[in-house]
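Visitor: Listed in order, the protein sequences are those of chains A and B. To convert, count from 1 in the first sequence and add 13; that's the numbering used here. To convert, count from 1 in the second sequence and add 13; that's the numbering used here. The beta carbon of each residue, even a glycine, is placed where N, CA and C say it ideally should be. Structure in C-alpha cells, see below.
Protein chains: 2
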Amino acid sequence: MTITVAIDCMGGDHGPRVTVPAAIQLVRNHSDVRVILVGLTESIRPFLGDAAVGRIALRHATEVVAMDESPALTLRTKKDSSMRVAINLVKQGDADACVSAGNTGALMAISRFVLKMLPGIDRPAICAVLPTLTGHTHVLDLGANVDCSPGHLLQFGIMGASLVSAIEHRDRPTVGILNIGEEEIKGNDVAKRAAELLWASGLNFIGNIEGDGLYKGEADVIVCDGFVGNVALKASEGLAQLLATFLRQEFRRNLFTKLAAVVAMPVLNKFKKRVDHRQYNGATLLGLKGIVVKSHGSADVLAFTRALQRATEEARSGVLARISERIAQQQPLQETA
Amino acid sequence: MTITVAIDCMGGDHGPRVTVPAAIQLVRNHSDVRVILVGLTESIRPFLGDAAVGRIALRHATEVVAMDESPALTLRTKKDSSMRVAINLVKQGDADACVSAGNTGALMAISRFVLKMLPGIDRPAICAVLPTLTGHTHVLDLGANVDCSPGHLLQFGIMGASLVSAIEHRDRPTVGILNIGEEEIKGNDVAKRAAELLWASGLNFIGNIEGDGLYKGEADVIVCDGFVGNVALKASEGLAQLLATFLRQEFRRNLFTKLAAVVAMPVLNKFKKRVDHRQYNGATLLGLKGIVVKSHGSADVLAFTRALQRATEEARSGVLARISERIAQQQPLQETA
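As C-alpha cells, then:
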C-alpha cells in the first residue's frame, strides 16, 4: 500500500528550508511513500534542487498562516492557506495524512472544521511520545483542551490505547491517569471521576500516575487534561535546557575541564543523541476523521522527518478505524457516564 | 536574636538517623540557633552521641505519624505525635519555626488546626525554591490545594512576594502565573481571572509564564494551583532521574567510556553538586500563623539540614508579619474580587 502524506511546507519557524529537505528524506527512506508539497511553489522549488526523486508532487497554495495568527480568523479568512489545503487533501482522500509545523491553534481549528470528529469523540487531543526509563510512553492531551470532563479523559484513554495498539501491535496497552498523591484528597475531582470511568471501561487501566511516573514507563498511555499536560511537557523542556546549559558551562570552565570535555565527548554525544527531543517530534491530533500530525515549530530537518515518519506509520496502521471500533464498543457505557 | 527550631525527629523515611545529625549540624553552623528535638527520646538519644553541643533540647512525644496515615485520623487521634508536639511548640511561642519530613497531608492538617491561618488567607500553600538559569525562583502551590479560585491564586502571589521580600531583602519581586500558551484561548479560565486580579493587585506582576519558564528565571515568584504545580515539580524530578540514569549508563558502557568517566568525574561532580535537588530541600507551608517547613520524606542529612536552614532564615526574616501587612493592604481589593 502506498501512503501519501500532504505536507504544509510553509509552516514552522523555518518553512520550506526545513520541510522540503525532510520530505525528500522521507521518500528516499520509504519506497512506498509519496508526498504532496503544499505551499507557495516559488518558495518550495529552490529547496527541491535537482533531487531526482519521484513520488514528490507540488500543490500550490497562495496563503500562509502566521505563527501568531488568531485561529478563528484564519479559519474564516485564509481558505487557500498551505495548512488548509494540506488538510483538504486528507479530507478529499488525496492524502492519507498531513503534517504541519504551523500555528497549533489554527491547525486544530481547521482540522476540526474540515475533517470533523470521529463519532463518539467530542474533542481532539494532542498526543505525543515521551522517552522513559524502559522505552517510551504516549501522553495526551498536551494542550488542545484546557478544561476536560471525566468523559473527555475516558475518550483520551480510548484513543491513546487504540493508537498504541495500532502502531505497536499490542493487544492491551496499559493506561494511567496523571494525578497527584499529595494530601488526603489524592487528586482533583475530575481526575477521580475519570479514574472511575476508566476502571469500568474495559481498558487495561492501571490507575494514578504521579508526575515523575511520566518518565518511568509506568504505563503505555497516560491521560491528563491539556492544561496540566502542557505545563508538565514544557516544564520538562525547560529543565532539560537548564541541565544542558549547566553541563556545558561546567565543561567550559577552564583548560582542564575543556580537556575533559574532549575525552568525554563521544560519550556525551551518545547521551545527547539518546535524549534528543527531535527523535520524539510529531504530536498527533487524535479524534479527527483524518490523520493530522503537528511538528514542533522550531523543528529542523531531522525533527521534521520524524514527524513525517509518525504520520506515515499512523496512516499505515489504520489507527482511525481502530479508534472508531473501540469507541463504538464503549458507546453504551459512555452514555451512562 | 536567638532562633529556636522545633524538629519532628520521627518524620521522614529515615527518622532520627537523619534528623538528629542534621540538627547537630545546624547548631554547629549557627551560633544563634537552638533546636528542640521532638520524638521518642529513646530513639533520638543514640544519634546524639557525645555531641558536646549546647543549644539542643529534647522533648519527648509518645506517638509517631506514619507516612501513609490518614491526615484526618491523625488529627483526631494522635495528640502526642512528634509532629503535633513540634507544631504545638510553635503555637505556644516556645519555638520560632518547626520542621518535619513526615506525612505532608498530616502536617498540613495539624498545622492548620493548631496554628490557624493568617487573617485574610483562606488556605495554606506549599512553596518551594527551584533552580533557574539565572538563580532561583519560588513556586507555589505545589500540592496543598487541588482546586483553586482566582482569589486563592492572588493570595499565593501576595504570600510568595512577601516571602521573597523578607528573605532576600528585595522591594518588589516579580510575580508570574503559570499558564499555557497553546490555543486561541491561551490558558484556562481560573488562570485568566487570577491574572486580572494580579494585574490589579499592586504586586510587580509580569503575566503568564509557560511551563519551560519555570527554569528560565522569568519571575521571582510563580503561582499555580496545587495540582498543576505538583505535577510540574514531579515531572521535573522524573525527567532529572531519567537523564541521570541515561548519562550513567553511557559512561558505564565499556572500558573506554569508563576511562572517560574517570577523566570527566571532577566536572560531572561539580555539575551534580550544582543541580543537586538536596540543596533545594524544604518547602514552606505559607499562610499559617507560624513557620512550618516540610522536608522531602527521603531527605538525607545534607537535605534535611537545608530544610532546617530555610526554617531558620524565615523565622529570622519576619516573613509572617510581612505577609500580614501585605494582605491587610489588599483586603479592600480582595473583597471586591
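So with CB distances below 7 Å, who are the chain A contacts of Leu252 (chain B)?
Guide: Residues of chain A passing the Cβ test: Tyr228, Ser249, Leu252 and Ala253.
Visitor: Determine the closest residue to Leu252 (chain A) out of B:Lys229, B:Val188, B:Val51 and B:Leu191, with distance taken between C-alpha atoms.
Guide: Ranking B:Lys229, B:Val188, B:Val51 and B:Leu191 by Cα distance to Leu252 (chain A) puts B:Lys229 first.
Visitor: Give the range of the alpha helix (DSSP H) segment to which Asp81 (chain A) is assigned.
Guide: Asp81 (chain A) -> no alpha helix (DSSP H), and no H or E assigned at all.
Visitor: Buried or exposed for Ser95 (chain A), going by 16 or more other Cβ atoms inside 10 Å?
Guide: With 16 or more Cβ atoms within 10 Å of its Cβ, Ser95 (chain A) is classed as buried.
Visitor: Alpha carbon to alpha carbon, how far is Leu146 (chain B) from Ala296 (chain B)?
Guide: About 20 Å.
Visitor: Counting C-beta neighbours from all protein chains within 10 Å, is the total for Arg261 (chain B) 16 or more, i.e. buried, or is it exposed?
Guide: Exposed.
Visitor: Between the region 157 to 176 of chain A and the region 233 to 247 of chain A, are three or more C-beta pairs nearer than 8 Å?
Guide: In short, these stretches touch, since the Cβ pair count reaches three.
Visitor: At a Cβ threshold of 8 Å, is Asp81 (chain B) touching chain A?
Guide: Asp81 (chain B) does not count as touching chain A.
Visitor: Residues of chain A with CB under 8 Å from Thr258 (chain B), in chain order?
Guide: Leu146, listed in chain order.
Visitor: Can you pull the chain B residues whose beta carbon is under 7 Å from the beta carbon of Lys283 (chain A), in chain order?
Guide: Ordered by position in chain B, the residues that pass the 7 Å Cβ test against Lys283 (chain A) are Glu263.
Visitor: Check the DSSP bridge columns for Arg72 (chain A) and list the partner residues they point to.
Guide: DSSP, once it has assigned bridges, lists A:Val51 as partnering Arg72 (chain A).
Visitor: Rounded to whole angstroms, how far is the Cβ of Val234 (chain B) from the Cβ of Val188 (chain B), which I believe are closer than 8 Å?
Guide: Rounded, the Cβ-Cβ distance is 5 Å, consistent with contact.
Visitor: So, is the C-beta of Leu246 (chain B) closer than 8 Å to a C-beta in chain A?
Guide: Yes, Leu246 (chain B) counts as interfacial toward chain A.
Visitor: Please classify Ile171 (chain B): does DSSP put it in a helix, a strand, or coil?
Guide: Correct three-state label for Ile171 (chain B): helix.
Visitor: In the DSSP output, what is Lys307 (chain A) paired with across the bridge?
Guide: Beta-bridge pairing links Lys307 (chain A) to A:Ser113 and A:Ala296.
Visitor: What would DSSP say about Ser178 (chain A), mapped onto helix, strand or coil?
Guide: Helix at Ser178 (chain A).
Visitor: Taking only beta-carbon atoms, is Thr150 (chain B) less than 8 Å away from chain A?
Guide: Closer than 8 Å: no.
Visitor: Please list the segments of the alpha helix (DSSP H) lying wholly inside the region 85 to 167 of chain B, counting only runs of 4 or more residues, in order along the chain.
Guide: Listed in chain order, they are 95 to 104 and 117 to 128.
Visitor: Which same chain residues end up closer than 6 Å to Lys104 (chain A) when comparing Cβ atoms and leaving out the 5 residues on each side of it in sequence?
Guide: Once the five neighbours on either side are set aside, the close Cβ partners of Lys104 (chain A) are Val127 and Leu128.
Visitor: DSSP on Asp225 (chain B), reduced to helix/strand/coil?
Guide: Asp225 (chain B): helix per DSSP, three-state reduction.
Visitor: Between Leu315 (chain B) and Gln292 (chain B), what straight-line distance do the alpha-carbon atoms span, to the nearest angstrom?
Guide: Roughly 8 Å separates the two Cα atoms.
Visitor: Is there contact here, the region 314 to 328 of chain B with the region 109 to 127 of chain B, by at least three beta-carbon pairs under 8 Å?
Guide: The region 314 to 328 of chain B vs the region 109 to 127 of chain B: in contact.
Visitor: In this structure, how does DSSP classify Ile193 (chain B) when only helix, strand and coil are distinguished?
Guide: Reduced to three states, the DSSP call for Ile193 (chain B) is coil.
Visitor: Given a threshold of 16 other Cβ atoms within 10 Å of its Cβ, counted over all protein chains shown, does Asp21 (chain A) qualify as buried or as exposed?
Guide: By the 10 Å Cβ count, Asp21 (chain A) comes out buried.
Visitor: So if I threshold CB-CB distances at 8 Å, which residues from the region 286 to 312 of chain B count as touching chain A?
Guide: Correct list: Arg287 and Val288.
Visitor: Would you be able to state if there are at least three C-beta pairs under 8 Å between the region 266 to 276 of chain B and the region 170 to 189 of chain B?
Guide: Touching, no, given that fewer than three Cβ pairs across the two stretches are closer than 8 Å.
Visitor: Against chain A, which members of the region 115 to 138 of chain B pass a CB distance test of less than 8 Å?
Guide: Listed by position along the chain: Thr117, Gly118, Met121 and Ala122.
Visitor: Quick one: give me the first and last residue of the alpha helix (DSSP H) that Ala320 (chain A) is part of.
Guide: Its alpha helix (DSSP H) spans residues Val314 to Ser330.
Visitor: Are any of the Cβ atoms in chain B nearer than 8 Å to that of Asp160 (chain A)?
Guide: Yes, contact with chain B.
Visitor: Below 8 Å CB to CB, which residues in the same chain sit around Arg265 (chain B) once its five sequence neighbours on both sides are set aside?
Guide: The answer, listed in chain order, is Lys271 and Ala274.
Visitor: Less than 8 Å separating the beta-carbons of Ala99 (chain B) and Ala19 (chain B)?
Guide: In this structure, Ala19 (chain B) lies closer than 8 Å to Ala99 (chain B) by Cβ.
Visitor: I'd like the list of long-range same chain contacts for Glu348 (chain A), defined as Cβ closer than 8 Å, with 5 residues on each side in sequence excluded.
Guide: For Glu348 (chain A), the pLDDT reaches just 49, beneath the cut-off of 50, and the residue's location in the model is therefore unreliable, although a value from the coordinates is still provided. Answer for Glu348 (chain A): no residue qualifies.
Visitor: List the residues of chain A whose Cβ lies closer than 9 Å to the Cβ of Asp233 (chain B), in chain order.
Guide: Chain A residues near Asp233 (chain B): none, gap ~16 Å exceeds 9 Å.
Visitor: Below 8 Å between beta carbons: does that hold for Leu166 (chain B) and Leu299 (chain B)?
Guide: No, these two residues do not count as a Cβ contact at 8 Å.
Visitor: Using the Cα positions of His149 (chain B) and Val142 (chain B), report the straight-line distance between them to the nearest angstrom.
Guide: Their Cα atoms are separated by approximately 7 Å.
Visitor: Return the CA-CA distance between Leu333 (chain A) and Gly115 (chain A), expressed in angstroms with no decimal places.
Guide: Cα to Cα, Leu333 (chain A) sits roughly 23 Å from Gly115 (chain A).
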